[in-house]
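In this note's numbering, the protein residues as written are 11 to 265.
Note that the Cβ used here is the ideal one computed from N, Cα and C, for glycine as well.
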Ligand code: ADP
């Protein structure tokens, strides 16, 4: 009986520890979210007021409006990410299949990431490694695959100060592997597991631009698994990372 009590006590203390950790992660998340939301909201209010009060020279109004639009888009991204993560957790996320060209999808994702104002300011080159003759038609959830690729590309750029980000795909046995590789900050081995956790973030490093809610990779991995695949990472601190979304070809082809 004593051993049973001991075992149960130990089990309860582990569960208690987990609950505390999850509670703390949520607090960190709420802190991040307030910060991430406050900046774009302040920008929208501040710049709109300036325009309304005629405090902006006419030739600058266009660029002020761009700032307002971009802040609105950031807010929408945040809200969409929160909805996605909660749908994944409650199991209310559905797969909608359609036919599409992977090559074109990657081109579109690259274009949307390049357009991002934060990316335009960086000395990071974005390179599509596949040539257009190797295009393949997939039958899967285009929106989710695009979101996985876009999340990985945004991270790659965010955590790379200078250098390149490569994206592409190749066949590996029964699988098709879609990869995003960067020459950025990399991730320490002991931190590799926690980055896929909900709200999991590595301590901000001086050269990373920081920010973010810590749910982009949770969503990316959740979607990859929903679609019958997996999302893996290999990384070396200060050298860069490769994220590979690997999916059985038969799960996403028509055959
Ligand atoms: P966020 O970027 O919003 O913090 P993510 O879930 O997308 O959240 O990523 C979790 C963490 O993983 C990041 O905070 C960062 O520490 C690390 N990370 C993700 N992608 C990369 C990358 N390409 N290079 C280095 N670190 C990365």
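Notebook entry, point to check: Heavy atom of the ligand ADP less than 8 Å from the Cβ of residue 260, yes or no?
Noted result: no
> Between residue 232 and residue 257, which are expected to be in contact by the criterion C-beta below 8 Å, what is the C-beta distance as a whole number of angstroms?
Replying inline: The Cβ separation is near 14 Å, so there is no contact.
Checklist entry - Cβ of residue 248 within 8 Å of any heavy atom in the ligand ADP? => result no
| request: Report the residue from 151, 140, 198 whose alpha carbon sits nearest the alpha carbon of residue 190. | output: 140
- Message: Let's test the definition: count the other Cβ atoms within 10 Å of the Cβ of residue 247 and tell me whether it reaches 16, buried, or not, exposed.
- Response: exposed
Helix, strand or coil: how does DSSP classify residue 177 here? strand
Inset, instruction - Have a look at residue 105 and residue 43 and give me their C-alpha separation to the nearest angstrom. - result: 28 Å
Query - Cβ distance (whole Å) where residue 241 is taken to contact residue 259 below 8 Å - result: With a Cβ gap of about 17 Å, residue 241 and residue 259 do not count as contacting.
- Message: Can you tell me which residues form a DSSP beta bridge with residue 67?
- Response: In DSSP, residue 67 forms no bridge with anything.
Original post:
Closest by CA to residue 76, which one among 108, 128, 175, 26?
Top reply: 128
If you draw a straight line from the alpha carbon of residue 124 to that of residue 199, how long is it in whole angstroms?
-> 29 Å
Practice task
Just tell me which of 177, 222, 207 has its CA closest to the CA of residue 251.
Solution key: 177
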